[in-house]
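K.L.:
Encoded as structure tokens, here's the structure I'll be asking about.
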Amino acid sequence: MKEILLKTEKLSKSYSSGGVLQHVLKNVDLQLYKGDFTIIMGASGAGKSTLLYALSGMDTPSLGAITFRGETISDFSADELAVFRREHCGFVFQQIYLIDGMSVMDNVLAVGLLVNKDKKALVRRAKELFQAVGISEETQKKFPGQLSGGEAQRVGIVRGLINSPEILFADEPTGALNSKTGLDVLDVFTKFNEEGQSVVMVTHDMRSARRGNRILYLKDGIILGECNLGPYKDGDRGRNEKLSSFLSEMGW
Amino acid sequence: MKKNLLLIHSNLRKGKGQAAAISILIFLAALLLNLWLMLSTDYKQNFDRCHDKMNAEHVTLAVDDDSEQMREFLAKAVENDERTSEFALGQVMLMVGSFDYNGGEVNSELVILEKQTAISRPVGKVEIVEDSDIQSGIYMPILYKSEDIAIGKTVTISIGSNKVSYPVCGFFNSVMAGSHNCSICELILTEDLYNELEAKGYAPRATLCSVRLKDSAESADYETALKSQVASQYPAARATSNSYELVSQSRYISQMICAGLMGVMAFFILLIALAVMVSNIVNYIQENMKDLGALKAAGYTGSQLIAALMAQFLGITLIAAIAGTGVSYCLFPFLNEMMISQTGIPYEIHFLPLPMLVSLLILGGASASAVWLSAHRIKKIEPITALRQGIRTHNFRRNHVPLEKTRAPLDFALALKMTLSGVKNNVTVCITILVLSLVVVFSGLMVENMITDIDPFLNLIVGEMADSCINVGAETEEDFLREMERDGRVEKVYLYNSLPVSHKGGLELMATVCDDFSKANNQDVVFKGRFPKFDNEIVVAAKYAKEKNLAIGDEMAITSGGKEATYIISGYTQISNHLGKDCLLTRAGYERMGECQNTSYYINLADGVSIEEFNSEMKERFGDGVNATINIEATIQGAASVYVSLMTVIVFAVLILSFMVVVFVLYLLVRTMLNNKKRDYGVMKALGFTTGQLIGQTAISFMPAVIISTFFGLILSSLIINPLTAAFLNGIGIVKCTFTVPVGFIIIAGAGLVLFAFGAACLLSLKIKKIAPQALLTGE
């Protein structure tokens, strides 16, 4: 029996745009499990990112509830949510969003020091993570503007993992990268997931989706279908076919 | 042209807030600049206009002798001087007298004229500006119009030991003798009362000689020469006089101070407006690098893009400046009322094109220079580079405060990073705070030395102060001094007499004669060298000494009553009573030229003794032997209260304006920071930073610049404030100020300033609350 980390009940999110109310998420009931690499797929405007940001406490639902380990985070204030995010979540963004004015190391430590006061241990962990994603000592001293896209995103992953989050949320992490660099980044996600890191990733890219063990397909604000692929194995043709078949079933 | 208009329109649409901010600053600068220029140019010229309109004299001389011989002598002396344009002689009454005003007392040489004579004199006539149906009474100078001195109310004039009371019929304007600041103060009586007072014999009959010159610049020399002729021919006659040079300056001291402060504030605000303008343009170029590259690629030249910015900022500047100068006319009536209560000369507000034009030129020129200096780098933008990636304008070569190594707490370290990467912000904050520190120190100085305790200010401006001054005739002097020695209420009595003397080859000086200067209460009157000790020593006003190139140790020939004596300069003084035309002599020194007659004695009374009662008692005891008594405390209080209230208003206005400017500058800086770092704030919130942490970091990031500039600003200001104040007061003869710099006040004010800036920065950063992490979703 897998441990439930996050759970939503009748999660709805609406936006008012030009006086017209748009229901982006509609009564979504969902459970996220520890150790899973969950992929959220769907067409543009399906509500993927809205769901991701609601789950991660970055946005608040219009209706419904989100609970994390039994605690209802949807009732949290903005500051309580900030504390929730720093202690339990990690984030990787499509646009990477490193802070330009800070070195690579400082970008990571600034987030780490929010939670971990033991600086020595924190620096040690940051260096381990940098090594794991292939960021050299030299690069750690650079500023974001001096990095390639792939390097920057790998730094983004290290920043997302520095506080050993229970869930790592990733929003189209390869969306702004070229094919080769994108694959390298996906390998990093896979590696950490294999080591037990729970990951929730939004993507509309088949290649990225293949890395997940659980695929949720979102359409018009509801979860239309779900597919379990099992643990990722490189070159697993059956996995690709299963995913393709699921997606075509969903109207992809 | 059309292309540029499109660009301007687009820029303005994007930067509405910035345009509004600059407009407000330029508006304030224009308002103050125009007021400053109006006050320091036309307002001063108003004296000349009024002087010409009333065909006023350039030299006034009143002699307590109305004999035919004196008239003939004066007429001949004046006619023979080729500098004379026209003159008038008239019969008046002359005496030292006093009346209550503004909670104090006015003591002056009073010249009493009969109404018809006063208004019909060909030279030096007066103008009745307020009249009533009261047929018999007194007309007072308009300067003294107040709650107690109003039409229908009774004014009591003390003349020697006598008092006379008259109902006020109205008020008049006299350019050269309408205030106690003029050396001579005229009062007008209706014919019946004039005759009645003349018959009583309280005040001696006198001759009033008013001379209009061909060249007003000659007034001081002319006054000296004429007075000297009278003194040599009639050594026993008591003569009092003034000149255009003295009166035109002394009646405008408050206006000069007020105008100076406004000028300083105007340039301070302009400086900040320029800093904001430059910062906006630099940010604009940084943020719109790709757009600028695209425009260049589309065919715009660098000059066209700069011209668009120039037109945009000049347009804002000129519109705001015109509005500011316009609104200054709405505020001018209030200021005018305040100034008239100081100068006593009515001023009719009218449109002044020159100050407005100068204001617009200064503001327009300064803005154009700032735009040109900050925008010319647009020329260097290569379209391809800008389009491909934008040009990195911020080169993070140094990792300030590396988190791996610093021991500082996270929020503090991040704030420091922000501080060290924002040099432009720091410079703007430093300039603002440095100027504000000067304002704080100036305010502290005024509060300490003028508003809460006026003595230091009076010691500087007035010089010597005591409780009472009694002027006694030569025949009574011995008895008087014996009585003073016997009287237990008298703590100290010393001769302190003002007598006119002439510097040979120079101007007329007012000599303060004292039997022993070591007895004087104010030992700071001589600020360099020492008081005269021997009969061959003199102390001269520093301003005059500088003008005449006289150094300590030099010899100086002085004449009085036709006799001449030479003295060695033993020190410099800076009494401002005669605008820097003073000297100090010992009694023995003065008597080398002539006897001291009708001597004034300064008296310190024991605590609790009523000065008024003491003076009355002396008048009664010595009768006609006492020429005049002055309650110095009341006299000073009357004159000083006006200055204190004016200075209180100025200090408050300057402080409020300065703090508003600080808030405004911080608002602009915080807003620019929030705009530039909006994405970073969103990311940091997403990663778990709370709003409070980010507000704290932002506010703290300004604090190093605030604390350092406050610290150094206050120290520097404390060091320069006295020389600066002296430079400011140089026009009235002050060359060195030794005001106490209130250290406690300044420390508290400095701490207050830092806390105020922190509080303001926190409040202004509250906008961070509105930055939502989910804004990243939409790429905001």
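So the protein sequences, as listed, match chains A and B. By the numbering used here, the letter at position 244 of the first sequence is numbered 244, and the numbering carries on one by one without gaps. If you want the numbering used here, it's the 1-based position in the second sequence plus 1000. Each residue gets a CB set at the ideal place from its N, CA and C atoms; glycine is no exception.
Closest Cβ-Cβ distance between A:Y217 and chain B: below 8 Å?
P.N.:
A:Y217 does not count as touching chain B.
K.L.:
How big is the Cα-Cα spacing for B:I1720 and B:L1360?
P.N.:
Straight-line Cα distance between these residues: approximately 31 Å.
K.L.:
In this structure, how does DSSP classify B:P1235 when only helix, strand and coil are distinguished?
P.N.:
DSSP places B:P1235 in coil when its eight states are reduced to three.
K.L.:
Quick check on A:A170 - is its C-beta less than 8 Å from some C-beta in chain B?
P.N.:
So no, A:A170 is outside the interface.
K.L.:
Starting from B:D1582, trace the beta strand (DSSP E) both ways and give me its first and last residue.
P.N.:
Per DSSP, B:D1582 belongs to the beta strand (DSSP E) from 1582-1586.
K.L.:
Quick check on the DSSP output: the beta strand (DSSP E) that includes B:P1500 runs from which residue to which?
P.N.:
From DSSP, the beta strand (DSSP E) with B:P1500 extends over 1490-1503.
K.L.:
Verify the contact flag: B:V1401, CB atom, against every heavy atom of the ligand FAD, threshold strictly below 7 Å.
P.N.:
Ligands displayed in this structure: none; no statement on the ligand FAD is therefore possible.
K.L.:
Looking at the structure shown, is B:F1758 part of a helix, part of a strand, or coil, going by DSSP?
P.N.:
Residue state, collapsed to three classes: helix.
K.L.:
By how many angstroms is the C-alpha of B:G1692 removed from the C-alpha of A:N193?
P.N.:
Rounded to the nearest angstrom, the two C-alpha atoms are 34 Å apart.
K.L.:
Identify each residue in the segment 1656-1687 of chain B for which the Cβ-Cβ distance to at least one residue of chain A is less than 9 Å, and report them in chain order.
P.N.:
Flagged, chain order: K1677, R1679, D1680, G1682, V1683, M1684, K1685, A1686, L1687.
K.L.:
In three-state DSSP terms, what is B:T1393?
P.N.:
Residue placement at B:T1393 is flagged as unreliable, the pLDDT there being 49, under the threshold of 50; the coordinate-derived value follows with that caveat. Looking at B:T1393 - three-state DSSP - the assignment turns out to be coil, as it is neither helix nor strand.
K.L.:
Hey, A:M105 and A:Q153 are a contact pair by Cβ (cut 8 Å); roughly how many whole angstroms apart?
P.N.:
So it is not a contact: roughly 16 Å between Cβ atoms.
K.L.:
May I ask you to report which of helix, strand or coil DSSP gives A:T8?
P.N.:
Residue state, collapsed to three classes: strand.
K.L.:
Please report whether the beta-carbon of A:L109 lies at a distance below 8 Å from any beta-carbon of chain B.
P.N.:
A:L109 counts as touching chain B.
K.L.:
With a CB to CB cut of under 6 Å and the five nearest residues on each side skipped, what residues in its chain are close to A:D232?
P.N.:
The amino acid at residue 232 of chain A is misidentified as Asp; the sequence shows Tyr. Closer than 6 Å at the Cβ level, and outside the excluded window around A:Y232, lie T190, R211.
K.L.:
Give every residue of the same chain whose Cβ lies closer than 7 Å to the Cβ of A:G112, excluding the five residues on either side of it in the sequence, and list them in chain order.
P.N.:
Around A:G112: L122, A126, I162, N163.
K.L.:
At what residues does the beta strand (DSSP E) containing A:A152 begin and finish?
P.N.:
Note, A:A152: premise wrong, no beta strand (DSSP E); alpha helix (DSSP H) at 149-161.
K.L.:
According to DSSP, is B:F1351 helix, strand or coil?
P.N.:
DSSP places B:F1351 in coil when its eight states are reduced to three.
K.L.:
Against A:L113, what residues of chain B qualify as contacts under a CB-to-CB distance less than 8 Å, listed in chain order?
P.N.:
Result: L1403, L1410.
K.L.:
With 8 Å set as the bound, which would you pick, yes or no: does the beta-carbon of A:F91 sit closer than that to a beta-carbon of chain B?
P.N.:
Answer yes: the Cβ-Cβ gap between A:F91 and chain B drops below 8 Å somewhere.
K.L.:
Comparing the C-beta of A:M41 with each C-beta of chain B, is any distance below 8 Å?
P.N.:
Closer than 8 Å: no.
K.L.:
CA-CA distance, B:L1335 and B:G1488?
P.N.:
Roughly 49 Å separates the two Cα atoms.
K.L.:
Find the residues of chain B that neighbour A:I167, judging by a C-beta separation of less than 8 Å, and give them in chain order.
P.N.:
Going along chain B, no residue has its Cβ under 8 Å from A:I167, so there is no contact; the nearest lies around 13 Å.
K.L.:
Using only the alpha-carbon positions, how far apart do A:F143 and A:E137 sit?
P.N.:
If you take the alpha carbons of A:F143 and A:E137, they lie about 13 Å apart.
K.L.:
Please go through the segment 61-105 of chain A and give each complete alpha helix (DSSP H) segment of 4 or more residues, from N-terminal end onward.
P.N.:
Counting whole runs of 4 or more residues, the segment 61-105 of chain A contains the alpha helix (DSSP H) stretches 78-88.
K.L.:
Under DSSP, the beta strand (DSSP E) around B:D1100 begins and ends at which residues?
P.N.:
Element bounds for B:D1100: 1084-1101.
K.L.:
Please check if any C-beta of chain A sits within less than 8 Å of the C-beta of B:L1414.
P.N.:
Yes, its Cβ sits closer than 8 Å to a Cβ of chain A.
K.L.:
With distances taken between CB atoms, is the gap from B:I1272 to B:L1025 smaller than 8 Å?
P.N.:
Yes, the pair counts as a contact, with Cβ atoms nearer than the cut-off.
K.L.:
Excluding the 5 residues preceding and the 5 following B:F1172 in the sequence, name in chain order all residues of the same chain whose CB lies nearer than 7 Å to its CB.
P.N.:
If we look at B:F1172 and ignore the five residues flanking it on each side, its Cβ neighbours are V1126, E1127, I1128, V1129, Y1139, P1141, I1142, I1188.
K.L.:
Can you give me the start and stop residues for the alpha helix (DSSP H) that B:H1051 sits inside?
P.N.:
It spans 1043-1053 - the alpha helix (DSSP H) in which B:H1051 sits, taken as one unbroken run.
K.L.:
Can you name, in chain order, every residue of its own chain whose Cβ lies under 6 Å from the Cβ of A:M201, other than the five neighbours on each side?
P.N.:
Counting only Cβ-Cβ distances below 6 Å, and skipping sequence neighbours, we find I39, A170.
K.L.:
Return the Cβ separation of B:N1521 and B:A1466 in integer angstroms, given the expectation that the two are a contact with Cβ distance under 8 Å.
P.N.:
Right, the Cβ-Cβ distance comes to about 6 Å (below 8 Å), so this counts as a contact.
K.L.:
The alpha helix (DSSP H) with B:N1627 in it runs from where to where?
P.N.:
Careful: B:N1627 lies outside any alpha helix (DSSP H), inside the beta strand (DSSP E) at 1626-1631.
K.L.:
Checking contacts by CB at 8 Å: is A:I99 closer than that to chain B?
P.N.:
Cβ-Cβ to chain B under 8 Å: yes for A:I99.
K.L.:
Taking a cut of 9 Å between CB atoms, which residues from the segment 1688-1716 of chain B lie near chain A?
P.N.:
Taking 9 Å as the Cβ-Cβ cut-off against chain A, the residues of the segment 1688-1716 of chain B that qualify are G1688, F1689, T1690, T1691, G1692, Q1693.
K.L.:
Looking at the C-beta of B:A1019, does it have a partner C-beta in chain A at a distance below 8 Å?
P.N.:
It does not; no Cβ of chain A falls within 8 Å.
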